[in-house]
Every structure is written in structure tokens, then in C-alpha cells.
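Participant: Please read through the structure below; I'll follow up with questions.
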Amino acid sequence: MIKSSVGRKMVMAVTGAGMIFFILVHLLGNLTLYSGPAAINAYAYALHRFGPLIWSFRLVMFCMFMLHLFFGIQLTLENRAARPQSYAVRNERATTFAGKSMVWSGLLIGAFLLFHLLQFTLQVINPGIAAASHPDPIGRPDVFTMVVLSFQRLSYALLYIVSLTALALHLYHSIQSSFQTLGLNGERTFPVVTVTGRVAAIMIFLGYAAFPIVIYMGFLR
Amino acid sequence: MILDGKCPSGPLPEMWDRHRKEMKLVNPANKRKYRIAVVGTGLAGASAAATLGELGYNVDAFFYQDSARRAHSIAAQGGINAAKNYPNDGDSVARLFHDTIKGGDFRAREANVYRLAMVSNSIIDQCVAQGVPFARDYAGYLDNRSFGGAQVSRTFYARGQTGQQLLIGAYSALSRQVKAGTVALHPRSEMLDLVIVNGEAKGITVRNMVNGRLECHTADAVCLCTGGYTNVFYLSTNAMGSNVTAAYRAYKKGAFFANPCYTQIHPTCIPVTGDHQSKLTLMSESLRNDGRVWVPRIKGDRRSPGEIPEDERDYYLERKYPAFGNLAPRDISSRAAKEVCDESRGVGPGGRGVYLDFADSINRLGIDKVRERYGNLFDMYEKIADENAYRQPMRIYPAPHYAMGGLWVDYNLQSNIPGLFVLGEANFSDHGANRLGASALMQGLADGYYIIPYTIAGYLAGTKPGVVGTGHPEFIRSVEECEGTIRKLLSINGKRTANEFHRELGGLMWEHVGMARSHEGLTSVLKRIPELRAEFWENVRVPGGEADLNQELEKAGRVADFLEFAELMARDALHREESCGGHFRVEYQMPDGEAKRDDEQFCYVAGWEFKGAGTAPELHKEPLKFDNVPLAVRSYK
Amino acid sequence: MDLTLYVWRQSGPGAKGRLEEIEARGITADMSFLEMLDVVNEGLIKTGREPIAFDHDCREGICGMCSQVINGVPHGPQEKTTVCQLHMRRFKDGDRIYIEPWRARAFPVIKDLIVDRSALDRIVQAGGYVSVHTGGVPDANAVLVPKADADTAMDAAECIGCGACVAACPNGSAMLFTAAKVAHLAALPQGRAEAARRVCMMTEAMLKEGFGSCSNHYECQAACPKGIKVKFIAKLNREFIKAQFSKKSE
């Protein structure tokens, strides 16, 4: 199956869909931030009690990510090679900026993900506020304080918003694209899937971008 | 010489079966030793190459386009006939046979036409099995529509793209054989000569149009499926590349050219707009099912069609041919259009056009139904003519469309040169002096799928395979000749382009050898063509080199052949002192303007033999006998 | 009207090409685009220059031979129209028109605007057919095909194989072409038996010929002169998935 470019795209669509699912769950979990330190710290603490499960989940996510990255780059290179000479004038009528910049938005998301993991999972960027070494009053890692203190700095807030824009662009194209690639599109569902996918991309962006904005503006402290 | 069509004896319905039983076969293990060259990949060529390949022969398929799927059969819009009688409206093999003979104005060979009608049903079965998406009704059964020259609905269709779908069916069968290794494709290859060794066809010389190389290809039999020659009129509904070269070069090598004057002028085409025009576009005859043809009653009436009241319109086809009305056969409809335009009642710029009006049908069926039936044709009309035919009538005018004449073949589709077979439009055999709508596709596929596979075996069984190599002196001579012509064309370096000569020739032919021909006109054109030809060879300008892709050189070679062929065509038209089908001599008409046939003197096929440049060709006759359909005046009233 | 053309000129397959500026004078609105080029070519020949080589044949929009990218759009600005059916009334006096060949690795340029599209033929040869022998088939009405299925098959079968989808695709992919053939035959009972095998063979051939893969830009649909829809690509993908679970794909 993966010998075929159609098969490889399907792997991308499935892994992409898996990651979108994770993004949604992650967003829901993060919403506990709005309920204050007690809620999110409890949530984080609860998650970590599933030790082996969380590690197998992380492994699955890692595999999905690597497959997606590998095939994404490989297919992009193949696609570039399929048009060695470009047009002097090209007038596109259907594609979008998001569609054409998939590989770049994808790589940006990858870089951001690395930073995000270093910052909030491994907590090595600012050891001074690392949740693991700074328990809250009842002894749980103080995730709330770590996050809030981070986003109070303009540079981090901006970095997150820029990276989330890349994510939004990626999703803007890829949600409908994955439906098409998996053959889940028909003539009637096509426009619905396209619009829903785009709206979902924007909603996800707004949902995530709200955290740095709200915190930086001082609404959450 | 009296030409012998080699028709089997006995009653018509049994002829083909008995002939098949009596013909010799080639042993399956021996088939791959034989090499067959198929030139052209239209319906006839593609179906023949695919079927012969499947049988185990080694087939080489040559075509000038870049893909075998592009031959001009693809442009046929309306449909394909078969005597299935699915609508239960009285059709039968005998009726299809009768309609075709009568439609051809009693100038076709009975045995061939009967066989055509017999295999017509198998063609539909075959195409459906290949995945041709014919129109269906809601229950899933095949749909039919009616076409000119018949009172039954026997035409199967795939939207307005029947030819395309049938050709893609044949092309996919061909592709399957390419994969299987039995057929080798030679795209962008133009046949320039037929090679004959000891009186038998043994190969062809082709020009590789990409690098200009002349290539020899040996074959134990050659099938010419190269279509018709109507581009002799310059403007026609044929593709730009359609040409007479392969057939004409075979003629020059001794194959007889039969009935070259039988050309079909199709009644429903978009009128000419100007001198720059490169081709004419057909609007399917099926439009006449729901469109009504009319012109103003008053001469020179320049009002817009909507302003002309009903009683000032002349629905001349319905008036003159009440039984068939707007579905009168093509030759009759075309001539009627010319008549009213000659009376200064034509419409549109230049007055060379008649209206094809859908207003009644739109009222009766609703615009959606009309759109469903003809949407693509209306769109095409709008693109070209910039008019919306849902709101105002289309303007149409006849245009050269099909060649009934072609190389002479016997019942086995073999020319007078053993080993040279001619299929489809390139031969003369089935349509007589006029072809009915939806019959060309039927004939092309009948020849390719169902006839040549049997008859070619009959020839090959008596031939030793592979006896001639490309080193044979005849091949060397052929290449030298072709090379000589090419170098000559490139060296003239005159002032006029090949296209200009072609346009001038076309104008002459349309004027004098078109819809109405006269002794005077034909004589004058026979004097003018050699002059034009002489000028061509002194004043044509062909840029570029020979070892290159050179489209002007290709064009010039084709025009050179048209310039010779045109003379043969005019000569045939002059000799045939009668009117029949597409051949209308103004001297020979009934008082009411209908064609006046002369069965006493001209009930024969005229086969012309090349006798050398500058010498008149020799006429050979194949008498036509009508044992099954009584010779009668063709009436559609 | 008078126009300025910028036409891709390339003397041969390996040669280096360039855009050449050519004036087109005395063009009328009722000419087709190719007739405009005819007029230009006649002028070039008369002035001792080499005419522009371009593919064309039927000139009624069905053979699929014509293939030019006009101002960055395959087949030019008019929707669902081949170059040969594009008329000059779409342009105005003084326009600058860029004319380039189809560009894809799988379509090497032969000369000027002419490219080699035999790769598309090879995709069909890989399986774009029903493996039926001539003769020995059932009556045409023996297998019923519901009208909706016949219509779907016909929608897909309208493809003229011009390659505009490849020319338009940012990835030089032949997915729409391949999908149209797969969907045409998959919609009919006659084509079902080989559907699994066909989709595998044809997509494999597509990759082998050096076409890119589909990343759902839908430029192909916008460029297709016959209005073939990308829903057929979804159909191909469904067929591909089905084939993975079918023994018949071998």
C-alpha cells in the first residue's frame, strides 16, 4: 500500500486525522485553565497517574507525527520533481495559500511542537518556573503558574500566536483534504466538508490563541 | 475490366455465414508469425488492430496523432445504428438493410450492406461489454433515438459524444493488446507509401513526424483505415489533419479508387464566418429530431427571426417531405438548404444559412428536457457563433462531412491489390451515393471487429509469412521516392504557403464539385486544378528542415496529394452523368428538383486505375445488381 | 485587433527554450485562438521565420490534441473550453498573451508548444479497460445499468485525455485523468469485476511515469475543459481502499 502514492497520502490523512483528534482533546483539557489553578493542576495530576498509558499514547502520537512528517516531505519532493520547469505566468483558480504552503506550515508546526514540548512537558526552557519542581500548595505540579507566567511575556505569547497561525493554515487545507483523500467526499458533501473544515480550523485557532491573549492581557492570573 | 466484388452466391441472409465457413483459417500457433500493419486508429483501425492483436497476429498500428484515442471518429456526435428493435417499432435486419440501400440511392453493394445490418447488433453488445456508457432509461435498459432516413428508432447514443465513447472503447481494447504485447503503437507517424512486392502489399513507408526519419515497416498484410478525403474542400467538418495521402499513394501504387465523387455534405453545420476560418463545426443531426428548419417566405427578409410571424415562415423540409419532415436524409436536406439560399431566402451574414428552431420543442418539452438532450451542442454553438440557441434559432448551413467514395474493395474488404485491405470510411463499400446518419460508426466498427478478422485470415492462410525484409529493393526505392518528394517540397522556397493553395483548391471544389455539379463547372475545374498544381510545385513555400518536426512540410505533402486527388474526383463527377445521393448534376434532375438517377447506364461502381502522372486514369466498372431491393426512385415524400 | 504574444519557442526535446515576443496583427473577434495562431504562422512563414509548432486536430473540442497554457491557465480563460474552441472575442486590442506548453516531467517538450503525452496512454494500458474479447458477449440489454450509474459513468467518460489537469496541477499529477477512467469503469457492472486490480495498476503506472501525487488543490477541476469533477478522485480513493481489502487486486 505504501508503495503507491495514493496509499502514502492515505497514511498522511489518517495520521493527520489522529493528530487533529489529539489537538481537540488537548484543547478541551486546556480549557480547565479558565477554572483556575486547582482545576488544571488536578487535571494534569490526574493524567500523570496513568503512567504506562500516557507513555504508550505518546509513542503512538510520536509515530503518527513521524510518519506524517516523513511522507509529507517525501511526497512534496516527488511533487516538486514532477514539475521541473515552472510556468513564466501562472494564474491559479482554485488552490489557496494554505494549500500551497502545507509543507512550510507543517515544518513550522513541527519546530513549534519541539519548543512546546521542551517548554511545558520537559520544562527545560525556564527551569525557574518548571511545574515539576514547583508544587502547588497541595503538592501537585503547579502547571497553572508555569503557563500563566510564560504567557505574561510578550515574546512567548507572540511566538504561540504565530505558530498557531501556521497550525490554522495547515488545518484550513488539510481537514477537507483528508476527507477527499480517504474517499469520504461526494458531490453533495464536498462543499459542506470544505466549509466545515475551514470553520473548524479557525475555531481551533481561536480556541488555542485565546490562552496567550487572555493571559497576556491580564484576565487570568 | 469488369471488377468482381467476389460476393458469395445464394440468398443474402445466408451469405456471410456460409462465406465464413468456407474461408480458410490460420492456425493459432501460426498467427504470431504474421505481421499486419494497420494505418489509422479511428473506429475501424482501432477495432481492427485490437481484434487482430487479440487473435494472436503481430500488429503495428500507425497514426499521425499523438495518441490512438484522438482519431476523428471521436468527433461523431449523434449515434450508432443497430437493428436491435428494442423499441418494438418494426425494425429488423432486413429493414436496416433496406433503409441503407435506399439511403445510398442504390449505389451500394447489396451483399456488403446486408452483412453490415447483420453484425450491427453484435457491435452494440460488444461496446456495452467494453463499458461504453450508452444512454439508458430509468429501468436500466438502453435508450434509442431516431435519425435521418429512417422511420424507426434504432440509434444508440452516449449524450452528444457517441463517437468519442465508441472510440474510447476501441482504444481501450487496443491498449489492452499493447499491454499484452501483440500490438505496437507508432504515434506521430504518417504513411507516405505502400510497398508492393510481386503484386502483393508487403509493407509501408512512414515518416516519423518527430524526427523526420523515413521508416520502412514490412507486413504480410496492410489495413488502411485512414478515413475520408473531404478536406479536399479545405473547409469541412473533418479534423485538420484528415487527409487523402495514404489512400491516394495506394491508388498511385495500383489500388483502384472507387466513386470519388460521392461526398456527403452535411446539412446541419455552423455557417462560415470569414476567410480565416480553418474548419466547420457540425451540429449533430439528432438536433433535427426536435428542431424545425425554416427560412423566411419573402426574399431578402432581414428581420430578426423573432419578428417574422408564423405564416411568413417556410418550413420547407416539412412542406416538401411530409413523411420524413425535418428528418429527411442528409443529401436531400442539404440540397434543399442550398436551394432556398440560392433563392435569396437565406439568413445570417452573407445569406448562407437557414434557421433550426427549437422554440416549439422548448414549449412542448420544457427547456430542461431540451437542455438534457442537446445541452452540449447548444453550448458549443454559443462558443462559436456567440448566440444563445435557447432564445433564438440556430443558424445552420451544409458543410462537407463524409466521403462515401474510397478505395475499391471486394466483399472481403480487400482491394484489387492482394494483401491490401481497406476499412471504414477509407473504402467505398457500404453507403453507396449517400450515407445515412449514425451509419458511419456502425460500418467502422463492423469492419474492424467482425469482418476483417475473418477475411484477412482467408488471405493470410495462403501466404508465407515474413518473406520480404526492409532491405528489399522495393522498400529502398519507396524511401528514395518519398525522400525525393520531401526534398523537392523544401527546395521550392516560393511565395505562397501550402495553406493558401489548399484554401484556393477548396474554394474551387466547393464551387464546382460541391452540392451541385454541372458539366460546365466540372470541365472548368478540370482545367484549373492542373494549373494550380503546377503553380504549387513552383511557388509553394515550406520552411524548416526534413529531419525535424515540421508541420508545414506535413501540410504541404497532404496538399500536394489533394491537388492530384481533386482532379480524379472532378473527373469521376463529370463521367457520372446522373444524379444520385450526394452527387447532384444540375443537368439531371426531375421537374421538382429531385435527383434523377440513370440506372440504365450508371448502375455500377466506378473504379479508377492510376495510369501514370499526366495520363488519364482508366475506368473499371463493377456492375451493381439489386436482387433483393427493387430499384426504385428514392422518395421521402 | 492587435496583440502581443509571448510564445514558448524550443527547437527540440533537449534544447533550451525561451519566450519569444511575436506581434499578431489584424485579428478579428470571430477567429478561434488557433485560427489566430494560423494567421500569425502564415505571417512568420512569409517573413522567413519558423512558424510556431502546436498540436491541434479536430478543432471542435473533442480530440484532446490542443494543449496550450494561455496566460497561466491551461486552455485559456474560458471555462470548460479547449483552446480550439476559445474565440478571440475573449480578448481585446492590445492584450499581451503568454502561451506556454503543458509543463510536467511526464510531458517532455518535443517542440515549441508540443509535448509528448504518451505517459497518459501508458496509464490506460496499465488497466484502463474491461478485459473483454471481441465476440462472445451477452446481449446489450442482458445486464441492466440504472440510469444514475450510466450517467455517472458518462460524466467521467467525457474526459478527452488532453492533460490539462496535469498542466494545471501544482504537483504535475495525473490524478483527475486516472480517476476519471477508474470511476467510469467502476460505475458500470461490466467494469466492476476488474475494479480492484484496475485502480492498483493504474495508480502504480501513474507514479512510475513521473507524475506527482494529488494534494487536493483542485486546480485540475478548474482547468478541465470537460468539467470532470474531483469527486471522481474521491471515488478513486474509495476504490483504492476497497482494493486493499480485496483478493482481486492481485
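Protein chains in written order, with the numbering used here: chain C, 1 to 221; chain D, 1001 to 1637; chain R, 2001 to 2250.
Beta carbons: idealized from backbone N, C-alpha and C, even for Gly.
Compare the C-beta of V95/C against all C-beta atoms of chain R and say whether one is closer than 8 Å.
Facilitator: Checking the sequence shown, residue 95/C turns out to be Thr, not Val. Chain R contact via Cβ: present.
Participant: Count the other CB atoms within 10 Å of the CB of N1144/D; is the residue buried (16 or more) or exposed (fewer)?
Facilitator: buried
Participant: Can you look up V1152/D in the DSSP assignment and give me helix, strand or coil?
Facilitator: coil
Participant: DSSP state of N1081/D, grouped into three classes?
Facilitator: strand
Participant: Given a threshold of 16 other Cβ atoms within 10 Å of its Cβ, counted over all protein chains shown, does D1125/D qualify as buried or as exposed?
Facilitator: Burial call: buried.
Participant: Along chain C, which residues have their Cβ under 7 Å away from the Cβ of F2251/R?
Facilitator: Because chain R spans 2001 through 2250 in this model, residue 2251/R falls outside it and cannot be assessed.
Participant: Between D1066/D, V1026/D, G1078/D, G1053/D, which lies nearest to A1440/D when the distance is taken from Cα to Cα?
Facilitator: G1078/D
Participant: Measuring alpha carbon to alpha carbon, tell me which of G2128/R, G2043/R, P2170/R ends up nearest S2213/R.
Facilitator: Looking at the Cα atoms, P2170/R is the closest of the given residues.
Participant: Starting from L69/C, follow the alpha helix (DSSP H) in both directions and report where the run begins and ends.
Facilitator: 51-81
Participant: Assuming A1573/D and R1517/D make a contact with CB atoms under 8 Å, what is their CB distance in whole Å?
Facilitator: 5 Å
Participant: Using Cβ-Cβ distances below 8 Å, what residues of the segment 2012-2027 of chain R are close to chain C?
Facilitator: Of all residues in the segment 2012-2027 of chain R, L2019 have a Cβ within less than 8 Å of some Cβ in chain C.
Participant: Kindly say whether S105/C, judged by its beta-carbon, lies nearer than 8 Å to any beta-carbon of chain R.
Facilitator: no
Participant: State the DSSP-derived secondary structure class of D1060/D, mapped to helix, strand or coil.
Facilitator: strand
Participant: On the DSSP letters alone, give me the boundaries of the alpha helix (DSSP H) that N1208/D sits inside.
Facilitator: Counting along the chain, N1208/D falls outside any alpha helix (DSSP H), though it belongs to the beta strand (DSSP E) covering 1200-1208.
Participant: Could you check whether E2035/R and H1638/D sit closer than 8 Å to each other, using their CB atoms as the reference points?
Facilitator: This structure leaves residue 1638/D out entirely; chain D is present only between 1001 and 1637.
Participant: What residue does the alpha helix (DSSP H) around F97/C start on, and which one ends it?
Facilitator: It spans 97-100 - the alpha helix (DSSP H) in which F97/C sits, taken as one unbroken run.
Participant: Of all the CB atoms in chain C, is at least one closer than 8 Å to the CB of Q1973/R?
Facilitator: There is no way to answer for residue 1973/R, as the model of chain R reaches only from 2001 to 2250.
Participant: Buried or exposed: which applies to F211/C, given that a residue is buried once 16 or more other Cβ atoms fall within 10 Å of its Cβ?
Facilitator: buried
Participant: Check whether chain D comes within 8 Å of A2104/R, counting only Cβ atoms and requiring the distance to be less than that.
Facilitator: Output row for A2104/R: interface = no.
Participant: Chain R partners of F70/C, CB-CB under 8 Å?
Facilitator: Near F70/C there are no residues of chain R at all, since even the closest Cβ is about 15 Å away, more than 8 Å.
Participant: Given this structure, state the Cα-to-Cα distance separating P1267/D from S1304/D, to the nearest angstrom.
Facilitator: 22 Å
Participant: I need the DSSP call for R1107/D, collapsed to helix, strand or coil.
Facilitator: The answer is coil: DSSP assigns R1107/D none of H, G, I, E or B.
Participant: Mapping the DSSP letters down to three states, classify V2145/R as helix, strand or coil.
Facilitator: Taken through DSSP and simplified to helix, strand or coil, V2145/R comes out as coil.
Participant: To the nearest angstrom, report how far apart D1193/D and M2001/R are at their CA atoms.
Facilitator: C-alpha separation (whole angstroms): 44 Å.
Participant: Within its chain, find whatever has a CB closer than 7 Å to the CB of T1162/D; leave out the 5 residues flanking it on each side and keep chain order.
Facilitator: Within the same chain, and ignoring the five residues on either side of T1162/D in sequence, the residues whose Cβ sits closer than 7 Å to its Cβ are A1076, Q1077, G1078, G1079, I1080, L1441.
Participant: Starting from the N-terminal side, write out each stretch of the alpha helix (DSSP H) that is 4 residues or longer and does not extend beyond the segment 1207-1273 of chain D.
Facilitator: 1245-1252
Participant: Is it a yes or a no for the segment 1314-1333 of chain D touching the segment 1370-1389 of chain D, going by three-plus beta-carbon pairs under 8 Å?
Facilitator: no
Participant: For G1437/D and G1149/D, I'd like the C-alpha separation in whole angstroms.
Facilitator: 8 Å
Participant: Where H2056/R and D1561/D are concerned, what is the direct C-alpha to C-alpha distance, given to the nearest angstrom?
Facilitator: Cα-Cα distance, rounded: 21 Å.
Participant: Can you tell which of A1184/D, Y1397/D, A1389/D has its C-alpha closest to the C-alpha of G1353/D?
Facilitator: Comparing Cα positions, the closest option is Y1397/D.
Participant: Judging by CA-CA distance, which residue of T1226/D, R1302/D, A1029/D, R1585/D is the nearest neighbour of L1423/D?
Facilitator: Nearest Cα to L1423/D within the set T1226/D, R1302/D, A1029/D, R1585/D: T1226/D.
Participant: Name, going along the chain, the residues of the segment 2107-2126 of chain R whose beta-carbon falls closer than 9 Å to a beta-carbon of chain D.
Facilitator: I2110, K2111, D2112, I2114, V2115, D2116, R2117, S2118, L2120, D2121, R2122, V2124, Q2125, A2126
Participant: How would you list, in chain order, the residues of chain D whose beta-carbon sits under 7 Å from the beta-carbon of Q2221/R?
Facilitator: Result: empty, since nearest Cβ-Cβ is about 18 Å, beyond 7 Å.
Participant: Please classify E1310/D as buried or exposed, where buried requires at least 16 neighbouring CB atoms within 10 angstroms.
Facilitator: exposed
Participant: Is N2141/R close to chain C? Criterion is C-beta to C-beta, closer than 8 Å.
Facilitator: So no, N2141/R is outside the interface.
Participant: Using a Cβ-Cβ cut-off of less than 7 Å, list which residues of the segment 1472-1502 of chain D approach chain R; keep chain order.
Facilitator: So the close ones are T1497, N1499.
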